[in-house]
Amino acid sequence: QIARFTKLCGARIPDRLQARLELLASDDDGAREFGIEQATEQCEELMREGVPGLHLYCLNRAQSVSGILRNLGLSGA
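Positions 53 to 129 (our numbering) are the ones given, in order, by the sequence shown.
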């Protein structure tokens, strides 16, 4: 799914991330956790740099967004 999505928007996945995703191709739970970790790191960096806010698209994956928010300490859970 990520390959199709990146192709549609003209994005490129960095080689180190692509290699990890290929290893997780048959592990849905592992891929989801990896995505949550990567998104959390990206959000943390953006927040450190002072962005005024974050907008997360859940793409029908609310569990992943909830995990990111929880990791950032922005969840009421």
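Every residue gets a Cβ at the ideal spot worked out from N, C-alpha and C, and that includes glycine. Predicted, not measured: the structure shown is a model, and the values here were computed from it.
- Task: State yes or no: is the C-beta of GLU96 within less than 8 Å of the C-beta of LEU124?
- Result: yes
- Which of the three DSSP states, helix, strand or coil, is assigned to LEU75? helix
- Query: Should GLY102 be labelled buried (16 or more other beta-carbon atoms within 10 Å of its own) or exposed?
  - Reply: exposed
- Message: Please state whether the Cβ-Cβ distance between PHE86 and ARG72 is less than 8 Å.
- Response: yes
- Applying the criterion that 16 or more other CB atoms from any shown protein chain within 10 Å of the CB defines a buried residue, is GLY62 buried or exposed? exposed
- Message: Quick check on DSSP: helix, strand or coil for ALA218?
- Response: Here the chain covers residues 53 to 129 and nothing more, so residue 218 does not appear.
- Whole-number beta carbon distance between ALA91 and ILE120, since they are thought to touch under 8 Å: 5 Å
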